[in-house]
Amino acid sequence: MGYAQLVIGPAGSGKSTYCSSLYQHCETLGRSIHIVNLDPAAENFDYPVAMDISKLISLDDVMEELGLGPNGGLIYCMEHLEENLDDWLTEELENYLDDDYLVFDCPGQIELFSHVPVLRNFVEHLKRKNFNVCAVYLLDSQFITDVTKFISGCMASLSAMVQLELPHVNILSKMDLVTNKRDVENYLDPEPHLLLSELNERMAPQFKKLNKSLIELVDEYSMVSFIPLDLRKESSIQYVLAQIDNCIQYGEDADVKIRDFDPDDDE
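Just so we're aligned, residue 59 is where the sequence shown starts under our numbering, counting upward by one.
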């Protein structure tokens, strides 16, 4: 059984920084993880790249040869990846053991995980290769400064949940940039009626029915729940990692070892 995180979220939400910090944290713990780059536009990395989609296809080459723009070129690259799941990806996965832990650093274009089926088919391929997979959705903490931005972020995450059909962990990233910690507490697990009240105050009366429907949708899916992540704090990274490990049942099959226990526990 292999394990995998699919790191998704809007552009600029800190996905690559999260992957880099997670790698460093696990290295400190003596725990092995492998970071996979799925962004065909990425060139510089702060972590060792175990697999790189640019070895299969490059966004710059696609844009130059086909005359596509950045978004169209990216979709083309990801569809090319989808067409090569049985070849390129399968061959790459053969380099890893059954219990290896992979972290996939995905592009930030929202349509890749909310509209087109590319990542869903990618996930299904991982499942067929006996991987337990969890979607890790990062939302920039600056979204909590405005209730409309927050609802927008929630809806994008909900769309990814429905599209990918995976265990899902939502993270508020860049917590080190938040100046008012009370704002964070109000949005980590907010009451739906408070969100609705704030939306109605911010928007014109004709949007009240729409606001109510949006809040009910988010509430019914139990979506409004985020874990704050401050990459300056090892305890924060460890807490997030523990939540994800629990989702994919990482370590449940591990043999119990004597060193796992404090010798003084039996006294």
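Using N, Cα and C, we set each Cβ at its ideal position, and we do this for glycine too.
Exercise for the section: Provide the residue(s) that pair with residue 198 in DSSP beta bridges, ordered along the chain. Expected result: Here residue 198 is taken as the residue at index 140 of the sequence shown, counted from 1. The partner list for residue 198 (beta bridge, DSSP) reads 231.
Problem - Simplified DSSP assignment, three categories, for residue 286 - result: As a working mapping, residue 286 is identified with position 228 in the sequence shown. Strand at residue 286.
Exercise for the section: Establish whether the CB of residue 110 and some CB of chain D are separated by less than 7 Å. Expected result: Absent from the structure is chain D; it holds one protein chain and no more.
Practice task
Note down the Cα distance separating residue 102 from residue 79, rounded to an integer number of angstroms.
Solution key: Here residue 102 corresponds to residue number 44 of the sequence shown, with the count starting at 1. Here residue 79 corresponds to residue number 21 of the sequence shown, with the count starting at 1. Cα to Cα, residue 102 sits roughly 15 Å from residue 79.
Exercise for the section: Could you have a look at residue 236 and say whether DSSP puts it in helix, strand or coil? Expected result: On the sequence shown, residue 236 is found 178 positions in, with the first residue counted as 1. Coil at residue 236, not helix or strand.
Exercise for the section: Provide the residue span of the alpha helix (DSSP H) that contains residue 302, from first to last. Expected result: Reading the sequence shown from its first residue, position 244 is the one you call residue 302. From DSSP, the alpha helix (DSSP H) with residue 302 extends over 292-305.
Handout entry: Rounded C-alpha distance that separates residue 151 from residue 191
Key = Your numbering for residue 151 matches position 93 in the sequence shown. Your numbering for residue 191 matches position 133 in the sequence shown. Taking the straight line joining both Cα atoms gives about 14 Å.
Problem - Sub-7 Å separation of residue 227 and residue 194 beta-carbons - result: Residue numbering aside, residue 227 sits at position 169 when the sequence shown is read from its first letter. Residue numbering aside, residue 194 sits at position 136 when the sequence shown is read from its first letter. Yes; because the gap between Cβ atoms is below 7 Å, this pair is in contact.
Practice task
Kindly indicate which residue of 267, 163, 294 and 60 has the alpha-carbon position closest to the one of residue 106.
Solution key: For the purposes of this step, residue 106 is identified with residue 48 of the sequence shown, where counting begins at 1. The residue with the shortest Cα to Cα distance from residue 106 is 163.
Exercise for the section: Using the Cα positions of residue 277 and residue 245, report the straight-line distance between them to the nearest angstrom. Expected result: Within the sequence shown, numbered from 1, the residue matching residue 277 stands at position 219. Within the sequence shown, numbered from 1, the residue matching residue 245 stands at position 187. Distance between the alpha carbons of residue 277 and residue 245: 13 Å.
Practice task
With residue 221 as the anchor, note down where its beta strand (DSSP E) starts and where it stops.
Solution key: Taking the first residue of the sequence shown as 1, we reach residue 221 at position 163. Here residue 221 belongs to no beta strand (DSSP E); instead the alpha helix (DSSP H) covers 205-222.
Practice task
Would you kindly work out how many angstroms separate the C-alpha atoms of residue 258 and residue 269, rounded to a whole number?
Solution key: Start at 1 with the first residue of the sequence shown, and residue 258 comes out as number 200. Start at 1 with the first residue of the sequence shown, and residue 269 comes out as number 211. Their Cα atoms are separated by approximately 7 Å.
Problem - CB-CB length for residue 37 against residue 220, believed under 8 Å - result: The displayed coordinates of the chain run from 59 to 325. Any statement about residue 37 would go beyond what the structure contains.
Handout entry: Own chain residues within Cβ distance below 7 Å of residue 136, not counting five before or after
Key = Numbered from its first residue, the sequence shown carries residue 136 at position 78. Once the five neighbours on either side are set aside, the close Cβ partners of residue 136 are 170 and 176.
Handout entry: Secondary structure of residue 189, DSSP reduced to three states
Key = If you number the sequence shown from 1, residue 189 lands on position 131. Strand, per DSSP.
Exercise for the section: Express the C-alpha separation of residue 159 and residue 63 in angstroms, rounding to a whole number. Expected result: Position 5 of the sequence shown, counted from the start, is the residue given in the question as residue 63. Position 101 of the sequence shown, counted from the start, is the residue given in the question as residue 159. Approximately 8 Å, taken between the alpha carbons.
Handout entry: Sequence-distant residues of the same chain with beta carbon closer than 8 Å to residue 188, five excluded per side
Key = In the sequence shown, counting from the first residue as 1, residue 188 sits at position 130. 59, 60 and 156, listed in sequence order.
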